[in-house]
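The structure under discussion appears below in the form of structure tokens.
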Ligand code: GLN
Ligand code: ZN
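In the numbering used here, the protein residues as written are 4 to 721.
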């Protein structure tokens, strides 16, 4: 039994990737200094593979200077940066490509743009200086179908010539290698007949080259397995963890004798230890039907942190149940060894660990009425108007404000126990004082406390809830050099004590204007964490929601009249295949309604960003909030049309300032955005706000842009 692995994280044991790239941006190291670090990471990754794995692409995981989709676009001549400086201009700054989510993961890729191209632009551009790391004899490359499917600006009628043009250049590349791994995760999407035919045509052309192709699919099952298995390639990788239908199909129908099946049995998307005995039993069942078989990870390993061994603070019982990228390689080996009878595996499952009877019975006792607000939207509106007395076109912000270096170091000293809790609280209160005064001076209508006590909107709640653990070194890349540490939901979730009340109450005590309570919703907490899988996910969401609900009730006790529950990742967690959406949105919507079903006098806000609203607008409208603030920096017109089409009755805060850019929009631009939308949405339903939190912005921009926003609101009122 051969072992196979791919996609090892490029971040490095100590985030060397991030440091080196950012140093290069700051001018602290030069191009060759950067390449040296990246090559070092690559070498170390190869060493880690070699310890456990028989076959692996030797480009060392996807060590790229920034993003593998951009690299693919360069490799085939769509872009041609002359050095790394130009390469990074495509990644960030004014001329950067648009960024979007990679399938239903937390990784964001740069979207190649074909606008204006009638003919295919492809040519082999392998010597481009940005591709310096593509050494090795066994490359791993994004496949031609996935590449085009995830690009933008390709005319439907133009897809076939584009694809075949790309395939021809792919052929030139493959002719330089004996073997290559081609990743086609887009094969797990719900594809049309024409697309499947195109795939067949393309891969038949590639088969002429003679390079041994390992065709890798992952993240879900493939709907056209019959055709897939007959493609003329050397090996096919299938995800048997998220793609249970793949497994059933092979167990029933077998697999062609002339190819190798790469059985993805080790989860690349979650951190729990593999049940080796069970995996090797699956392998046994497959081996009856499959002549050539290898075992591998089920999805690229870069969705995982580096190694569990770096974690010193974790409970040892929990630690045993965890497996990060390094440990996953060992698991692949163990499954092969166990299959061959060389080892007797032990399984470290979570079992009863983290379970909580009180929480479970609270979930068991939920009634339909817990999910439905007793007072309908329009009646709540009347109450809120009376209680809040807000002007037309009220102005507010999304929650966070710039965090200074001093604040960050105070917070980290506090976490490490180096400064006393009282001193830290005083410091945060000082920041809140200043922010309240700042917002009053600007004449904003609904104020926030600034979220200074939070590192990150999910990690903060994870640290304050029981049943969720956080790591010290469990970093993964969300895009470019931006990293975060997903928490781990290991048990039943509950709130041991109030989490945010002190700060919000304090902020409210400093002003007569309403201060919004700020929470992160259950779906977003789950989406940006690793979640235990043997508790139904809907129940995990309801557990978090009940904790949030208790928090909202405490706000109400403290005199807070407006609460915002952020659901930035509401769309993100949706299954790749649309047919899985109804089941997902059922619990996602209900979890929001459960959390916010408190005193109907409280005005409930939600905030979403990076969402493709059109596709999910009906689900959003089932969330019974009063006000939604959305990211609308891309195309305000389109977004408003979605809301218009469903006769949206709730209030809406259109992001009139794109906070992803340092540019400050003038007042008249903001007024224009609102005016255009007013044809469709009644003016009394309109709020003005930036389109996301201000944590990553600088104070001067914040001051100017918010002043312009307030001026825009005043102009609109008149
Ligand atoms: N309240 C959060 C903030 O302002 C929301 C962040 C987000 O939507 N990503 O930072
Ligand atoms: Zn946002």
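Glycine residues also receive a C-beta, built at the ideal position from the N, C-alpha and C atoms.
Going by other Cβ atoms of all chains shown within 10 Å of its Cβ, with 16 needed for buried, is residue 495 buried or exposed? The residue in question, residue 495, is buried, as its Cβ has 16 or more Cβ neighbours within 10 Å.
Looking only at C-alpha atoms, which of 685, 696, 304 sits nearest to residue 333? When only C-alpha atoms are compared, the closest one is 304.
Rounded to a whole number of angstroms, what is the C-alpha to C-alpha distance between residue 257 and residue 216? If you take the alpha carbons of residue 257 and residue 216, they lie about 20 angstroms apart.
Beta-carbon of residue 245 versus every beta-carbon of chain C: anything under 8 angstroms? Protein chains in the displayed structure number just one, and chain C is not present.
Any contact of the region 14-33 with the region 107-120, i.e. 3+ C-beta pairs under 8 angstroms? Flag = no, the region 14-33 and the region 107-120 do not touch.
Whole angstroms are fine: how far does the CA of residue 451 sit from the CA of residue 514? If you take the alpha carbons of residue 514 and residue 451, they lie about 11 angstroms apart.
Going by other Cβ atoms of all chains shown within 10 Å of its Cβ, with 16 needed for buried, is residue 70 buried or exposed? Buried, since its Cβ has 16 or more Cβ neighbours within 10 Å.
Which full runs of the beta strand (DSSP E) of 3+ residues lie inside the region 496-548, going along the chain? Here the runs fully enclosed are 519-523.
Residue 610: CB within 7 angstroms of a non-hydrogen atom of the ligand GLN: Distances between the C-beta of residue 610 and the heavy atoms of the ligand GLN include at least one below 7 angstroms.
Would you mind working out which of 13, 61, 57, 83 sits nearest residue 68, comparing C-alpha positions? Selected option, being the one with the closest Cα: 13.
Taking residue 473 and residue 465 to be in contact with their CB atoms under 8 angstroms, please state how far apart those CB atoms are, rounded to whole angstroms. Residue 465 and residue 473 do touch by the CB rule: their CB atoms are close to 5 angstroms apart, below 8 angstroms.
Buried or exposed (CB count within 10 angstroms, at least 16 for buried), residue 690: The residue in question, residue 690, is buried, as its Cβ has 16 or more Cβ neighbours within 10 Å.
DSSP three-state label for residue 701, please. Residue state, collapsed to three classes: coil.
Going by C-alpha distance, which of 576, 595, 139 is nearest residue 566? For residue 566, the nearest C-alpha among the options comes from 595.
Any non-hydrogen atom of the ligand GLN within 7 angstroms of residue 586 CB: The ligand GLN has no heavy atom closer than 7 angstroms to the beta-carbon of residue 586.
Tell me the start and end of each unbroken beta strand (DSSP E) in the region 124-189 that is at least 3 residues and wholly inside, in chain order. If we require 3 residues or more, the beta strand (DSSP E) runs fully inside the region 124-189 come out as 143-145, 182-186.
Continuous beta strand (DSSP E) assignments of at least 3 residues falling wholly in the region 572-651: As far as the region 572-651 is concerned, its whole beta strand (DSSP E) runs of at least 3 residues are 606-611, 630-633.
Buried or exposed for residue 39, going by 16 or more other Cβ atoms inside 10 Å? Using a 10 angstroms sphere on the CB of residue 39, the tally of other CB atoms stays under 16, which defines it as exposed.
What three-state label does DSSP hand residue 52 in the structure shown? Here DSSP, grouped into helix, strand and coil, assigns residue 52 to helix.
Where does residue 14 sit, in a helix, a strand or coil, going by DSSP? Correct three-state label for residue 14: coil.
I need the boundaries of the alpha helix (DSSP H) containing residue 674, first residue and last residue. 670-681 is the span of the alpha helix (DSSP H), which, as asked, contains residue 674.
At the level of alpha carbons, what is the spacing between residue 378 and residue 603? Between residue 378 and residue 603, the C-alpha separation is close to 6 angstroms.
Contact between the region 497-504 and the region 550-565 (3+ Cβ pairs under 8 angstroms): Judged by pairs of C-beta atoms under 8 angstroms, the region 497-504 touches the region 550-565, as three or more such pairs exist.
To the nearest angstrom, how far is the alpha carbon of residue 135 from that of residue 23? Here the C-alpha atom of residue 135 lies approximately 16 angstroms from the C-alpha atom of residue 23.
From which residue to which residue does the beta strand (DSSP E) around residue 660 run? Taken as a continuous stretch (DSSP letters only), the beta strand (DSSP E) holding residue 660 covers 654-660.
Any idea if residue 195 is buried or exposed, counting beta-carbon neighbours within 10 angstroms, 16 or more meaning buried? Exposed is the call here.
Just tell me which of 480, 233, 545 has its CA closest to the CA of residue 371. Relative to residue 371, the option among 480, 233, 545 whose CA is nearest is 545.
State yes or no: is the C-beta of residue 289 within less than 8 angstroms of the C-beta of residue 253? The Cβ atoms of residue 289 and residue 253 lie closer than 8 angstroms to each other.
Excluding the five sequence neighbours on either side, which residues of its own chain have a C-beta within less than 6 angstroms of the C-beta of residue 330, listed in chain order? Correct list, in chain order: 311.
For the beta strand (DSSP E) holding residue 486, just list the boundary residues, first then last. DSSP places residue 486 inside the beta strand (DSSP E), whose first and last residues are 485-487.
Can you tell me whether residue 217 is helix, strand or coil according to DSSP? Reduced to three states, the DSSP call for residue 217 is strand.
Assign residue 62 to one of three DSSP states: helix, strand, or coil. If DSSP states are grouped into helix, strand and coil, residue 62 belongs with coil.
The ligand ZN and residue 133: does the residue's C-beta get closer than 7 angstroms to at least one heavy atom of that ligand? Proximity of the beta carbon of residue 133 to the ligand ZN is not indicated: no heavy atom of the ligand is located closer than 7 angstroms.
Measure how close the beta-carbons of residue 148 and residue 189 come, nearest whole angstrom, since I'm counting them as under 8 angstroms. Confirmed, about 6 angstroms.
From residue 139 to residue 62, what distance separates their C-alpha atoms? Each residue's Cα considered, the two are about 6 angstroms apart.
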